[in-house]
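Residue 1 is where the sequence shown starts when you use full-length UniProt numbering, and the numbers rise one by one after that. For every residue, glycine included, the Cβ atom is placed at its ideal position computed from N, Cα and C. Quick caveat: nothing in here was measured; it's all calculated off a predicted structure.
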Amino acid sequence: MSQPDTSCACESLTTASGFLMKLRIPPPVLALLFGFAMWQISKTGVLLVPSSEVKNVLSLAILVAGLLTEIFSVLSFRRASTTVNPMKPETTTQLVTSGIYNLSRNPMYLGVLLVLSSLALWLGSVLNIGVLFLFVFYITLFQIIPEEKVLSGIFPETFLQYKSRVRRWV
């Protein structure tokens, strides 16, 4: 973890990044919307995997992995006494780079993706694979990229080093 560069005016984002940040939907709301869409799509009857115990156990394992990923992510932020609010990345006081953040720069979103993946498998619709890709596209474009611009403004050198050694997703 590193201290912020207080000489940085992180509020002055680029026009494109500022525009994208205004279009954001809070990630928990987004997860619910994508989950609801997957549930509706599953009613079409286009199944990838018929119901089975193996499918249910696998989807439960993925769900647990996703929830644990999210819990460890939030705990890391709490230990660093920095904001967990994805709608206000400019209030970040610490760049968290240890623990689960040593494996992924965005484990909170990875956790949500795992939870949605478990739902997709459990519902069994092949069409929900497309919903997962849409989630990754949306969260990357409208949440992660704008957050990264803010973090590179607050922690210019540290974030660049972190970015070079840890992948965005996994």
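Opposing strand residues paired with residue i [DSSP bridges]
{"i": "SER125", "result": "LEU47"}
{"i": "LEU114", "result": "BP columns for LEU114 are empty, so no partner."}
{"i": "LEU33", "result": "Bridge partners of LEU33: none, in fact."}
Close beta carbons around residue i, own chain, < 8 Å, minus the five adjacent residues each side
{"i": "ILE129", "result": "LEU48, ALA120"}
{"i": "ILE100", "result": "THR69, PHE72, SER73, SER76, PRO107"}
{"i": "LEU160", "result": "SER152"}
{"i": "PRO26", "result": "PRO86, MET87"}
Enclosing alpha helix (DSSP H) for residue i [first to last residue]
{"i": "PRO156", "result": "156-165"}
{"i": "VAL74", "result": "53-79"}
Beta-carbon spacing of residue i, residue j below 7 Å
{"i": "PRO89", "j": "VAL29", "result": "no"}
{"i": "THR92", "j": "THR82", "result": "yes"}
{"i": "SER104", "j": "LEU110", "result": "yes"}
{"i": "SER125", "j": "VAL74", "result": "no"}
{"i": "LEU127", "j": "ILE62", "result": "no"}
{"i": "LEU95", "j": "THR158", "result": "yes"}
Sequence-distant residues of its chain with Cβ nearer than 7 Å to residue i (five each side left out)
{"i": "TRP39", "result": "LEU123"}
Beta-carbon proximity list for residue i, same chain, < 6 Å, skipping 5 on both sides
{"i": "VAL166", "result": "ARG105"}
Kindly confirm or deny that the stretch 66-74 and the stretch 32-39 touch, where touching means at least three C-beta pairs closer than 8 Å.
-> no
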